[in-house]
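In our numbering, the protein residues as written are 2 to 472.
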């Protein structure tokens with residue numbers, strides 16, 4: 002019976018919640034999971050009483066769908082996506098659509114879009130952000146791929162997406178891998194935001210010797226101001242939770258951070274494109290360092306030494322940490338937009354940066370108050386070279402700068418690692434420097450490798466070499 006609006010493959014938590022979300026909005030969904038027992042458990046549990054069609058084979062799933070058929074994959078990135086597509090292709094007709102809603106590497110999406118277009122099948126690589134809660138009640142959705150497919154999914158995706166000021170947090174991103182690329186950058190910024198918050202937490206807890214309860218109250222207060230965001234909100238919630246013995250649960254959690262790779266992908270791509278994504282890179286490396294737990298414990302025994310104890314005004318220090326977090330967060334987004342700007346040029350995408358900010362304003366993990374300011378900045382100047390050059394953000398960073406420097410200095414003095422705070426500040430100082438010591442670096446390169454250099458008193462593009470040894 003051909004009466005399902007869309008099929009969904011992969012009934013892990015994200016897949017299940019997207020199905021429930023679509024069902025809430027009046028769509029009938031055919032569902033399939035490689036493990037039939039999971040399909041049956043879903044239909045008997047969360048999906049019971051809804052207009053859902055359980056399928057035990059791909060053939061059955063495809064046979065349930067209205068034409069043109071729309072099949073969404075919520076399976077693990079990489080080979081599982083390719084294997085599922087391989088199984089679907091013989092069952093589909095020209096004009097049917099496959100949507101990959103997982104965290105796929107954007108070059109895989111480029112390849113799949115092109116390969117499937119040759120077979121007459123439309124492909125969308127669609128970033129979905131917001132975790133379990135977002136998938137259930139309204140995620141941020143970032144579709145890219147074959148533009149012919151977008152009109153066939155627009156109504157479904159925009160109806161289930163989060164809304165910000167009445168607008169769906171789902172707009173067309175661009176061709177081929179653009180949707181998954183923007184989701185990758187989102188995740189990179191997420192890595193940066195989380196690391197910055199952790200550094201603020203460590204400075205207050207270990208540096209200022211505040212209690213978990215006191216730190217929790219600070220984050221709760223911050224969430225009512227310019228730092229208002231999902232991650233600040235959940236941080237306050239986390240610090241409030243107590244274990245069975247009444248102690249803060251966060252103190253019982255081992256300090257080794259996991260990662261699924263999207264932050265690393267962002268850093269690798271930034272290196273390939275030559276974009277100084279310093280803060281996100283430090284956030285990735287901080288997770289790597291945290292994973293070296295046993296070695297860090299041994300090093301602490303041998304390298305641990307006395308550092309200065311805090312002897313200042315704690316309220317002033319907390320205010321400085323607040324401004325450092327705010328300014329560093331601005332730098333994190335500025336770097337993310339720098340990367341997307343370069344990618345748009347390199348890969349031929351027409352990215353609408355204001356729309357991207359709007360898509361991130363609701364449903365996703367990095368949703369925050371100042372994404373509205375980013376949207377306004379690009380609405381005012383669509384060709385804005387860097388967020389730091391926008392009047393609003395330039396003023397905010399300038400105002401925060403003295404406290405930002407003080408917070409980084411405090412971290413150094415107290416021996417509290419703050420790589421994201423410090424790298425963001427160093428980037429800001431480097432970006433606003435008309436002259437950097439790269440002249441000496443270029444001379445060194447010419448000395449040992451005859452790599453040549455340009456001169457300040459000659460036109461750009463004229464290169465010179467000096468015989469440093471013989472002259």
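We put the CB at the ideal spot given by N, CA and C, even for glycine.
One alpha carbon belongs to residue 312, the other to residue 340, and they sit about 41 Å apart. DSSP, read as helix, strand or coil, puts residue 281 in helix. By the neighbour-count definition (other C-beta atoms within 10 Å, threshold 16), residue 293 is an exposed residue. Contiguous beta strand (DSSP E) elements confined to the segment 252-312 do not occur, taking only those with 3 or more residues.
In the three-state DSSP reduction, residue 24 falls in the helix class (H, G or I).
A residue is called buried when at least 16 other Cβ atoms come within 10 angstroms of its Cβ; residue 190 meets this threshold and is buried.
No Cβ-Cβ contact shorter than 8 Å links residue 121 with residue 145. Residue 359 is a Cβ neighbour of residue 376, given a cutoff of 8 Å.
The beta carbon of residue 458 lies closer than 6 Å to none in the same chain, with the five residues before and after it left out.
For the 8 Å CB-CB criterion, residue 373 and residue 362 form a contact. Judged by their CB atoms, residue 32 and residue 20 are nearer to each other than the 8 Å cut-off. Setting aside the 5 residues that flank it on each side, residue 350 is surrounded in the same chain by 175 and 179, each with a C-beta closer than 6 Å to its C-beta; the list follows chain order. Contact between the segment 234-254 and the segment 209-225 is present: three or more C-beta pairs spanning the two stretches fall below 8 Å. Per DSSP, the continuous alpha helix (DSSP H) segment holding residue 114 begins and ends at 107-119. Per DSSP, residue 144 is one residue of the beta strand (DSSP E) stretching across 141-146. Residue environment analysis places residue 321 among the buried positions, since at least 16 neighbouring C-beta atoms fall within 10 angstroms of its C-beta.
When rounded, the separation of the alpha-carbon atoms in residue 147 and residue 134 is 28 Å. Annotation for residue 73: the continuous beta strand (DSSP E) segment containing it runs 71-74. Nearest neighbour of residue 336 by Cα position, chosen from 432, 318 and 53, turns out to be 432. Per DSSP, the unbroken beta strand (DSSP E) holding residue 33 starts and ends at 30-33. Residue 168 and residue 291 have their C-alpha atoms some 39 Å from each other.
The DSSP-derived three-state label of residue 49 is coil.
When Cβ pairs closer than 8 Å are counted between the two stretches, the segment 326-333 is seen to touch the segment 419-426, the count reaching three or more.
Using a Cβ-Cβ distance cut-off of 8 Å, the segment 22-32 and the segment 43-61 are in contact, since at least three pairs of beta carbons, one from each stretch, lie closer than that value. Under the three-state reduction of DSSP output, residue 373 falls in the helix class.
Only exposed fits residue 381, as fewer than 16 other CB atoms lie within 10 angstroms of its CB. If you draw a straight line from the Cα of residue 12 to the Cα of residue 38, it comes to about 11 Å.
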